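Undergrad: Encoded as structure tokens, here's the structure I'll be asking about.
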Amino acid sequence: MKTTFPHGELDEKIFMEHPIGSVNDNLIFKSYKEGVVLKGYMDSNSTSDRDGRRFLGAVVVIAANAGGAWTPIGDVTTTMLWIHGQISASETMKNLVLPSAISLAVPLDLMSLTSEVNGEGQDSPNVLASEEMAPRGLLVSSVGIGALIFVPVFKALTGLPPFMGILLGLGVLWILTDAIHGGESERQRFKVPQALSRIDTQGVLFFLGILLSVSSLEPAGILQELANYLDAHISNVELIASAIGVVSAFIDNVPLVAATMGMYDLTSVPQDSEFWQLVALCASTGGSMMIIGSAAGVAFMGMEKVDFFWYLRKVSGFAIAGYAAGIATYLAVHNLLISLPTTVAQARLCANERFQT
């Protein structure tokens, strides 16, 4: 079955929305994309349109994970590394924005070349159609995104922990929603108290349990023994970080990153080192290689009834190519930035010697 997509417009739409993954939680970004980018397919039950939804949804999963890699508030693992001091906001954004974009661009372009995506088939619905957001909804969304973006700025300006910045943003949203929806009983569901009542408490407790379980391994010395074993048998930091990304395709990346943070402290591996930057990139983008590797993938599986083997056959190869391309891009840029100052200094030294002679 072949499905034709408006490739140029789709590429533009995906890359316009890609930054949303860097300021919103990936699951929120995924839900937003399902409702907007896939809107043209929502009411259709034909086989070709169902395949179209699946391929577009797979691209959304990759875009969500790639977008969450390059900012400290985009992915939960990147946020963990930022809060505990392994990475800083400015260095992470500067060093990972290009690799994360490449990890999306490569699978997107490769998928567009396949006959199933770019072949001639039934006329596709307008997959890029979307409804215009109400003015008050647009205002609340803008303030909410602004509050998220403000968190790293708040931490840099005040030195206070990030949770205080996000609580400040929540307070602003609370005041705003009470002001614009006050006195309208039919719009009470749009206020913050109603939103707080719908928090996924089970998910929060799940992550809390994971972090507590991993933390208990550190005083027992298990994490240090594992770190010593890896250093003895795999001394290459690039391979260790890449392996973490591969494992995150099968196992939730939160316990993996938490364990890594317990294995290597900041005295042995300093802040913003190559290792921590690669861990942030690999743990986030690695989840795209399997549908069970990220929250966006699991949500996509449930919403579109996509099975594990369909994703493995149709998408995993493209996601692996993007994962490898992102790592290669980071290493190339990192090595270039290291070698460039040395080359410039050597050129200046040679020029001074020639001038003196």
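full-length UniProt numbering puts the first residue of the sequence shown at 1, with every later residue one more than the last.
The beta carbon of each residue, even a glycine, is placed where N, CA and C say it ideally should be.
Keep in mind it's a predicted model, so treat the numbers as computed, not measured.
#1: How many whole angstroms separate the CB atoms of Met263 and Leu223, which I take to be in contact at a CB cut-off of 8 Å?
#2: What first and last residue would you give for the alpha helix (DSSP H) that runs through Met301?
#3: If you check the beta carbons only, do Val61 and Ser288 fall under 7 Å apart?
#4: By Cβ distance below 7 Å, which residues in the same chain neighbour residue 386 in space, the five residues on each side in sequence not counted?
#5: If you count every other CB in all the chains shown that lies within 10 Å of the CB of Tyr229, and 16 or more means buried, which is it?
#6: So Ala280 and Ala64 are in contact, right, with Cβ under 8 Å, and what is the actual spacing, rounded?
#7: Tell me whether Glu218 sits in a helix, a strand or coil according to DSSP, three-state version.
#8: With 16 other CB atoms within 10 Å as the buried threshold, where does Lys30 fall?
#9: With a 10 Å radius around its C-beta and 16 neighbouring C-beta atoms as the bar for buried, classify Asp51 as buried or exposed.
#10: Tell me whether the beta-carbon of Met93 lies closer than 7 Å to the beta-carbon of Thr79.
#11: Taking only three categories from DSSP, how would you classify Lys94?
#12: Pick from Gly169, Ile240, Gly182, Lys191: whose alpha carbon is nearest that of Val143?
#13: Which of helix, strand or coil does DSSP assign to Thr267?
#14: Does the stretch 94 to 111 come into contact with the stretch 302 to 309, if we say contact requires no fewer than three beta-carbon pairs (one atom in each stretch) closer than 8 Å?
#15: Would Val153 and Leu173 be called neighbours here (beta carbons separated by less than 7 Å)?
#16: When burial is assigned at 16 or more other CB atoms within 10 Å of the CB, is Thr267 buried or exposed?
#17: Cβ atoms of Val140 and Ile73: under 7 Å apart, would you say?
#18: Can you have a look at Met164 and say buried or exposed, based on whether 16 or more other CB atoms are within 10 angstroms of its CB?
#19: For the alpha helix (DSSP H) holding Gly179, just list the boundary residues, first then last.
#20: So, are the CB atoms of Ala89 and Thr285 less than 7 Å apart?
#21: Quick test of your reading: Leu98 and Val59, contact by CB under 8 Å. State the CB separation rounded to the nearest angstrom.
#22: My output table needs one value for Lys155: the three-state DSSP class, helix, strand or coil.
TA: Once the coordinates are examined:
#1: Between Met263 and Leu223 a beta carbon distance of about 5 Å is seen, short of the 8 Å cut, so the two are scored as contacting.
#2: Per DSSP, Met301 belongs to the alpha helix (DSSP H) from 295 to 304.
#3: Yes.
#4: Since the displayed the chain opens at 1 and closes at 357, residue 386 lies outside it and no answer follows.
#5: By the 16-neighbour rule on beta-carbons within 10 angstroms, Tyr229 is exposed.
#6: Between Ala280 and Ala64 a beta carbon distance of about 15 Å is seen, past the 8 Å cut, so the two are scored as non-contacting.
#7: Note: Glu218 maps to coil in three-state DSSP.
#8: In this predicted model, Lys30 has a pLDDT of only 48, less than 50, meaning its place in the structure is not dependable; the value taken from the coordinates is given anyway. It counts as buried.
#9: By the neighbour-count criterion, in which a residue is buried when 16 or more other Cβ atoms sit within 10 angstroms of its Cβ, Asp51 is buried.
#10: Contact: no.
#11: Lys94 falls in the helix class under three-state DSSP.
#12: Here the closest residue by C-alpha is Gly169.
#13: DSSP places Thr267 in coil when its eight states are reduced to three.
#14: Output reads no: the stretch 302 to 309 does not touch the stretch 94 to 111.
#15: The Cβ-Cβ distance between Val153 and Leu173 does not fall below 7 Å.
#16: Counting every other CB atom within 10 Å of its CB across the protein chains shown gives Thr267 a total below 16, marking it as exposed.
#17: No Cβ-Cβ contact shorter than 7 Å links Ile73 with Val140.
#18: When all chains shown are included, Met164 counts as exposed.
#19: A small correction: the amino acid at residue 179 is Ala; Gly does not occupy that position in the sequence shown. That run of the alpha helix (DSSP H) goes 162 to 181.
#20: Cβ atoms of Ala89 and Thr285: not closer than 7 Å.
#21: No, Leu98 and Val59 are not in contact; Cβ-Cβ is about 19 Å, not under 8 Å.
#22: Of the three classes helix, strand and coil, the one that applies to Lys155 here is helix, per DSSP.
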